[in-house]
Amino acid sequence: MHAYEYDNLPGDPRLPHLTPKTLTSDDLAALHIETFHFPATSSGLSAVDTLALTRSYRNRDEVTISPVAMGKKVYEAKLKIFFEEHLHEDEEIRWVVGGSGFFDVRDEREDQNGGGRWVRMKVEEGDLLVLPKGVYHRFTTDEGDYIKAVRLFQDEPKWTPLNRAPEVDVNEHRKEYLERLANRELE
0 MHAYEYDNLP GDPRLPHLTP KTLTSDDLAA LHIETFHFPA TSSGLSAVDT LALTRSYRNR
60 DEVTISPVAM GKKVYEAKLK IFFEEHLHED EEIRWVVGGS GFFDVRDERE DQNGGGRWVR
120 MKVEEGDLLV LPKGVYHRFT TDEGDYIKAV RLFQDEPKWT PLNRAPEVDV NEHRKEYLER
180 LANRELE
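Each residue of the sequence shown is one higher than the one before, counting from 0 in numbering that gives the first Met the number 0.
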């Protein structure tokens with residue numbers, strides 16, 4: 000997984016928007032983001048099963064995001080929804096088993112005009128990403144227009160985005176995430 004500061008330039012979000020500012024796994028950990036790499040094989044699946052067990056994840060599904068799998072119009076509409084800045088009230092765990100894409104996470108610690116910088120993570124086959132509940136983020140495929148991922152859930156499978164808005168900024172999970180960030184900086 001390659002993580003770096005997003006360039007914030009206009010244009011197709013499926014392009015890399017690469018900057019020279021690379022982030023390390025420690026930088027991601029400071030945002031409470033966890034990353035793993037498990038090959039998309041039976042041994043990788045075994046490792047994912049173990050991780051799911053330790054985190055009390057009892058359910059999973061598989062999602063394929065591509066114009067071929069979804070139809071071009073549905074695919075384009077979904078990408079627009081996924082790229083809206085949002086948060087979830089649950090951890091978001093994705094294990095990429097095919098293709099690639101980008102997860103962008105808002106880093107409020109590096110404030111730029113009141114919004115924080117975007118950290119971009121390129122995920123590819125074998126990458127497993129854990130985003131904490133309450134973190135603002137967004138997702139897009141890359142120019143390959145294809146990603147297949149296993150989604151893990153503690154309860155029944157659901158994907159409920161809360162798009163960024165003043166009332167979401169005071170959501171209990173959002174406030175808890177910001178508090179964890181502040182406490183980590185004090186350590």
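We put the CB at the ideal spot given by N, CA and C, even for glycine.
Helix, strand or coil at residue i according to DSSP, with G and I counted as helix
i: Y3; result: strand
i: L14; result: coil
i: L127; result: strand
i: E75; result: helix
i: E107; result: coil
i: R59; result: strand
i: S24; result: helix
i: I64; result: strand
i: N162; result: strand
i: H172; result: helix
i: G97; result: strand
i: V134; result: coil
Beta-carbon proximity check, residue i vs residue j, cutoff 8 Å
i: V149; j: E61; result: yes
i: L187; j: W94; result: Summary: the structure shown does not reach residue 187, with the chain confined to residues 0 through 186, and so no result is reported for it.
i: H36; j: P131; result: no
i: T140; j: G97; result: no
i: L151; j: Y56; result: yes
i: G133; j: Y176; result: yes
i: E84; j: R163; result: yes
Inter-residue spacing [alpha-carbon to alpha-carbon] between residue i and residue j
i: T159; j: K20; result: 31 Å
i: L8; j: E171; result: 32 Å
i: D26; j: S65; result: 31 Å
i: D103; j: W117; result: 6 Å
i: Y135; j: R59; result: 22 Å
i: E124; j: G10; result: 25 Å
i: H87; j: G143; result: 26 Å
i: T23; j: V169; result: 29 Å
i: P156; j: T63; result: 15 Å
i: G70; j: F82; result: 18 Å
i: D48; j: T34; result: 16 Å
Buried versus exposed call for residue i [16 or more other C-beta atoms within 10 Å across all chains shown]
i: A2; result: buried
i: D154; result: exposed
i: V122; result: buried
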